[in-house]
Amino acid sequence: MSTATFVVAATSSEVLNVIAAFVGGLIIAGALIWAVQFGMRVRDRELPRPNPDEQPHLPADGPVWETREMREPDEVPRAQDGQRLMPYDLHHSGSRTGRDQHRRRWLPGSSGSFGSGGLGHS
1 MSTATFVVAA
11 TSSEVLNVIA
21 AFVGGLIIAG
31 ALIWAVQFGM
41 RVRDRELPRP
51 NPDEQPHLPA
61 DGPVWETREM
71 REPDEVPRAQ
81 DGQRLMPYDL
91 HHSGSRTGRD
101 QHRRRWLPGS
111 SGSFGSGGLG
121 HS
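Numbering of the sequence shown is given in the UniProt record's numbering, commencing with residue 1 and proceeding in unit increments.
And the structure:
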């Protein structure tokens, strides 16, 4: 084989690479255009968005406020006479309202946060 044959072979593979890249780009661009058109068709079939007057409103008596309360654990009752506990023997919640509703505040001189490195209560 002559040098000219190698040059032609190398040039033809470069041309084929450029053509393959161009065709691949066209396929990707076509897929993106199809996906956008498909999404537009799906969106046209959806129900219309609600008007502002159909949006939820506050109740007539105003907003609902949160309730703050101190909770304490509600222990699982012990079985009697070797009988196993049934679901109706258990309470509906794992905690209950505490007897003391006074919220314990941070005291000056006590530790401030977890990992603060302080001495704790002094």
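The beta carbon of each residue, even a glycine, is placed where N, CA and C say it ideally should be.
Looking at residue j and residue i, is the spacing between their C-beta atoms short of 8 Å?
i     : j     : result
Asp61 : Pro77 : no
Bridge partners of residue i, per DSSP?
i     : result
Ser95 : Pro73
Check whether the segment 96 to 104 touches the segment 67 to 82, taking contact to mean three or more Cβ pairs, one atom from each stretch, closer than 8 Å. yes
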